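Q: For the sequence shown, my numbering begins at 34 and goes up steadily by one.
Here a beta-carbon is modelled for each residue, glycine too, at the ideal position from N, C-alpha and C.
All of these numbers come straight from a predicted model, not from anything done at the bench.
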Amino acid sequence: MTFVDPISDMIARIRNAQMRLLRNVTIPNSKFRIRILEVLKQEGYISDYKLLSDSNNKNSLSVDLKYSNGLPVIREIKIISKPGRRIYAKADSIPKIQNGLGLAILSTSKGIMTDSDARNQNVGGEIICRIF
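1. Compare the C-alpha of Leu-54 against each of Arg-163, Ser-101, Lys-115, Ala-151 and name the closest.
2. Taking Glu-159 and Arg-119 to be in contact with their CB atoms under 8 angstroms, please state how far apart those CB atoms are, rounded to whole angstroms.
3. Per DSSP, what kind of secondary structure is Ser-88 in: helix, strand or coil?
4. Residues in the same chain with beta-carbon distance under 6 angstroms from Leu-85, minus the five sequence neighbours each way, listed in chain order, please.
5. So, at 6 angstroms on beta carbons, what are the nonlocal neighbours of Leu-70 in its own chain, with the 5 sequence-adjacent residues on each side left out?
6. List in chain order: all unbroken alpha helix (DSSP H) runs of 4+ residues lying wholly within the region 44-80.
7. Based on the DSSP output, what are the partners of Asp-148 in its beta bridges?
8. Within 10 angstroms of its Cβ, does Ser-88 collect 16 or more other Cβ (buried), or is it exposed?
9. Since I believe Val-72 is in contact with Ile-138 (beta carbons under 8 angstroms), could you give me their beta-carbon distance rounded to a whole number of angstroms?
10. If you follow the beta strand (DSSP E) that Ile-161 is in, where does it begin and where does it stop?
11. DSSP has Arg-118 in a bridge; who is on the other side?
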């Protein structure tokens, strides 16, 4: 199965799984997705993720979702940059999400990082998604 935008697919799978209150969700593997999941784990939005090997040598990722008092920790996750319309921001124009309560994930020349890390390192990049 081919995807038009694999990152949008990953975010949609996470959003749909949390709406159904599932404990984990399986997504196809890629290095870019692993980097995004690492940021989500560091910021406390997911519990963990694991690499699963299939019998056909197709790897996938199992993402353990996080809940607080029966409610999803991720209240809103939205894709910003899409294949047809890439959204870039300079270091001084990176938006704050919900007055700093949420975060944006950026793809910069120094790797995948949060909006606050990008501001601190004074680098801009493509805004992948926002989470609150």
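A: Reading off the structure:
1. Ser-101
2. 6 angstroms
3. Collapsing the DSSP output to three states places Ser-88 in coil.
4. Ser-93, Ser-95
5. Tyr-82
6. 64-75
7. Looking at the DSSP assignment, Asp-148 forms no beta bridge with any residue, so it has no partner.
8. exposed
9. 6 angstroms
10. 158-164
11. As a beta-bridge residue in DSSP terms, Arg-118 pairs with Lys-115.
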